[in-house]
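**Student:** The structure follows.
Have a look at this one:
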């Protein structure tokens, strides 16, 4: 598989906290992995295995202690803070366990937010895309509702719609169904799959749920800061 | 609307109680700042105009004669143990017409009036009183001190052999309009004048001593043919009087005194008032700034998660900072707007409530636009500065920390 087909590539990535102090702890001990464009992968592993840390590194929220990370072919080591912020905004979509919607804004405004951040001003096209995305997640009737007026499942749907607002090539989801009942969780998962098929975005989903992971094209298993197995779909 | 403004406005709008409280605080602060400024300036202006209604802004006169010590030849040490001050003679300003024309052309100078004054006595029957002889050109002097407005009897007319006198003097001499009085000058010349008017300047000393007459009469009484002892003038900005006086003194070599030099106590009172006002203003600004800052600090902590998610979605720390700076500026601006309205009401009310001894309003019911503008500028700036610390704190927030604890 050629390198340019990878939306994400990690080479010998290490992450340690409290570096050069007596309590230095290495959380990730040399991660090598790649994700192809349009791939739908689960990142699994027990608590404390380093899943969240790995997601933060890929999400450009933290920098690795050593190793290379390439996102959409761009070496993040070469980017400054502003470059990271821009790459994050344009290339990555986030879905968090605790949806993290902005409570001051309506569902529609929340979905517009990533595009608004990117372009600086609200436009009609932005509004239309947000409306369409909310329609896709089945919330066409809840456009003007604030998050507090929506159920947990509905809030997570808004968050999914938001993560796709910029049509990002890679969506990172951290326990997207973690605090939902199994029925709602299945709905949400189906939605992610649908967007993966229709929009072509690659998904990397952190989950505890073995059933959910089984539904992914590929499972990347993390244990004690090392990748155990990551059979590629093509492998 | 730009992203930062949308966020700032929404955060303020949704912060209901906090926003309402801090806006109320800012509003009251701005209103009080404008109100006390207007009150103090009104007070000073009314005091100054009352004081200056009976005197010139600047008076030019001959310098006092200074003693000239005679020195012994061969200067070895001791010169004089005691120098006797000289007796001050009554003298005319040398070449006064030239001086008169010169000062009339200076910047700030509005009206100029030549004056021939000296001392003397007024007699009527058995009564005799020490007086000040004021020889004037009525149409010119009227522009310096509006005697015509202050008459209690008769009219302001000083033809040959006519005089207008103060009410206290009229009382002392038992004289009224139409009566004749004899005036003896310090130069030992005398003449008889008919009283055409009686005035009340509101200053007892002037009412007791002033006898206003035509300049020619005064010149002959004081033995100063064609002479002028003082030149009175008014200026357009009363607080520029001192600089005009200094300028005249250096130009002409004469003594020029401003009303500020003459009324040092009044000026000291003004200065103290101004300083008090300024101190109160500084503390009010400080209180408003602390209020805005504390509300925004709380808001930053409350919005920790949202700031984190905004950062994760590609918002730069600088833009996060602006969101909070704009909030501070907006609170300041709205406080300025509402505060100006409140101040206008307060000043309007005070123009009815606060009265001078004669019943006229102490301050006018309107405020100069400059007060509003400066208060608005100060309020907005205060809001922005107060927001700096919270905004920096928001910008520095680690998105990972913010997101992790959902």
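Protein chains in written order, with the working numbering: chain A, 38 to 272; chain B, 1247 to 1652.
C-beta: ideal position from N, C-alpha, C; glycine also.
Predicted model only: the values in this text are computed from it and were never measured.
So, is the C-beta of residue 246/A closer than 9 Å to a C-beta in chain B?
**Tutor:** Not one chain B Cβ lies under 9 Å of residue 246/A.
**Student:** Here's the rule: buried if 16 or more other CB atoms are within 10 angstroms of the residue's CB, otherwise exposed. What is residue 1456/B?
**Tutor:** By the neighbour-count rule (16 or more Cβ atoms within 10 Å), residue 1456/B is buried.
**Student:** For the region 232-246 of chain A against the region 152-167 of chain A, do three or more pairs of beta-carbon atoms, one drawn from each stretch, fall closer than 8 Å, so that the two count as touching?
**Tutor:** With a cut-off of 8 Å, the region 152-167 of chain A and the region 232-246 of chain A do not count as touching, because too few Cβ pairs lie within range.
**Student:** Please specify which runs of the alpha helix (DSSP H), each continuous and at least 4 residues long, are wholly inside the region 1317-1379 of chain B, giving them in chain order.
**Tutor:** Entirely contained in the region 1317-1379 of chain B, the alpha helix (DSSP H) runs reaching 4 residues are, in chain order, 1342-1350.
**Student:** Could you tell me how far apart the beta carbons of residue 1507/B and residue 1488/B are, in whole angstroms, since I believe they sit closer than 8 Å?
**Tutor:** Confirmed, about 7 Å.
**Student:** Any idea what DSSP makes of residue 1409/B, helix, strand or coil?
**Tutor:** Three-state DSSP puts residue 1409/B in a strand.
**Student:** What first and last residue would you give for the alpha helix (DSSP H) that runs through residue 1458/B?
**Tutor:** Where residue 1458/B is concerned, there is no enclosing alpha helix (DSSP H), although the beta strand (DSSP E) it sits in stretches over 1456-1460.
**Student:** Within its chain, find whatever has a CB closer than 6 Å to the CB of residue 145/A; leave out the 5 residues flanking it on each side and keep chain order.
**Tutor:** So the list reads 167 and 180, once near-sequence residues are dropped.
**Student:** Check distances from the C-beta atoms of the region 1560-1578 of chain B to those of chain A and list, in chain order, the residues that come in under 7 Å.
**Tutor:** Listed by position, the residues of the region 1560-1578 of chain B near chain A (Cβ gap below 7 Å) are 1560, 1561 and 1562.
**Student:** Examine chain B for any beta-carbon lying closer than 9 Å to the beta-carbon of residue 234/A, and answer yes or no.
**Tutor:** Chain B contact via Cβ: absent.
**Student:** Can you give me the start and stop residues for the alpha helix (DSSP H) that residue 1609/B sits inside?
**Tutor:** That residue, residue 1609/B, is in no alpha helix (DSSP H); it is neither H nor E in DSSP.
**Student:** With a CB to CB cut of under 7 Å and the five nearest residues on each side skipped, what residues in its chain are close to residue 1588/B?
**Tutor:** The answer, listed in chain order, is 1273 and 1277.
**Student:** For residue 1565/B, which residues from the same chain have a beta carbon less than 8 Å from its beta carbon, with the 5 sequence-adjacent residues on both sides left out?
**Tutor:** For residue 1565/B, where only same-chain residues beyond five positions count, the Cβ hits under 8 Å are 1249 and 1250.
**Student:** Among all the DSSP beta bridges, which residues are the ones paired with residue 1437/B?
**Tutor:** Answer is 1429/B, bridged to residue 1437/B.
**Student:** Am I right that residue 258/A and residue 249/A are in contact with their C-beta atoms under 8 Å? What's the rounded C-beta distance?
**Tutor:** That belief does not hold up - the Cβ atoms of residue 258/A and residue 249/A are roughly 14 Å apart, past 8 Å.
**Student:** Give me, in chain order, the residues of the same chain whose beta-carbon lies closer than 7 Å to that of residue 82/A; leave out the 5 immediate sequence neighbours on both sides.
**Tutor:** Excluding residues within five positions, the ones whose Cβ falls inside 7 Å are 88, 258, 259 and 260.
**Student:** Using a beta-carbon distance below 9 Å, is residue 1275/B in contact with chain A?
**Tutor:** Output row for residue 1275/B: interface = no.
**Student:** Expressed to the nearest angstrom, what Euclidean distance is found between the alpha-carbon atoms of residue 1453/B and residue 1528/B?
**Tutor:** If I take the Cα positions, the gap works out to 44 Å.
**Student:** For a cutoff of 9 Å on Cβ pairs, would you count residue 1551/B as touching chain A?
**Tutor:** Residue 1551/B counts as touching chain A.
**Student:** Would you report the Cα separation of residue 51/A and residue 1269/B, rounded to the nearest angstrom?
**Tutor:** If you take the alpha carbons of residue 51/A and residue 1269/B, they lie about 50 Å apart.
**Student:** Given 8 Å as the limit, is there contact between the region 1530-1550 of chain B and the region 1304-1315 of chain B, that is, 3 or more CB pairs closer than that?
**Tutor:** The region 1530-1550 of chain B, when compared against the region 1304-1315 of chain B, does not touch it at the 8 Å Cβ threshold.
**Student:** How would you list, in chain order, the residues of chain B whose beta-carbon sits under 7 Å from the beta-carbon of residue 155/A?
**Tutor:** Those within 7 Å of residue 155/A in chain B are 1560.
**Student:** Quick check: residue 1288/B and residue 1608/B, are their CB atoms within less than 9 Å of each other?
**Tutor:** In this structure, residue 1608/B lies closer than 9 Å to residue 1288/B by Cβ.
**Student:** Which residues does DSSP pair with residue 1471/B in a beta bridge?
**Tutor:** Paired residue(s): none; residue 1471/B is not in a bridge.
**Student:** For residue 193/A, count the other beta carbons within 10 Å of its own beta carbon; 16 or more makes it buried, fewer makes it exposed. Which is it?
**Tutor:** Buried.
**Student:** Rounded to whole angstroms, what is the Cα-Cα separation between residue 1265/B and residue 1631/B?
**Tutor:** Those two C-alpha atoms are separated by around 17 Å.
**Student:** Determine whether the beta carbon atoms of residue 1349/B and residue 1391/B lie at a separation below 9 Å.
**Tutor:** No, these two residues do not count as a Cβ contact at 9 Å.
**Student:** Could you tell me whether the region 1626-1643 of chain B touches the region 1569-1578 of chain B, where touching means 3 or more Cβ pairs closer than 8 Å?
**Tutor:** These segments touch.
**Student:** Under a CB-based cut-off of 9 Å, is residue 150/A close to chain B?
**Tutor:** Interface residue, yes.
**Student:** Please classify residue 1396/B as buried or exposed, where buried requires at least 16 neighbouring CB atoms within 10 angstroms.
**Tutor:** It counts as buried.
**Student:** Is residue 1649/B close to chain A? Criterion is C-beta to C-beta, closer than 9 Å.
**Tutor:** By this cut-off, residue 1649/B is an interface position.
**Student:** Given residue 185/A, which residues of its chain have a CB within under 8 Å of its CB, disregarding the five upstream and five downstream residues?
**Tutor:** If we look at residue 185/A and ignore the five residues flanking it on each side, its Cβ neighbours are 140.
**Student:** Listed from N- to C-terminal order along the chain, which residues in the region 74-100 of chain A have their beta-carbon within a distance smaller than 8 Å of any beta-carbon of chain B?
**Tutor:** For the region 74-100 of chain A, which is checked against every Cβ of chain B, the residues closer than 8 Å are 89, 93, 96, 98 and 99.
**Student:** Per DSSP, which one or two residues make a beta bridge with residue 260/A?
**Tutor:** DSSP lists 263/A as partners of residue 260/A.
**Student:** Along the alpha helix (DSSP H) that carries residue 232/A, what are the first and last residues, could you check?
**Tutor:** Residues 219-236.
**Student:** Counting beta carbon pairs with one atom in the region 198-212 of chain A and one in the region 122-132 of chain A, are three or more of them shorter than 8 Å?
**Tutor:** Verdict: yes, contact present.
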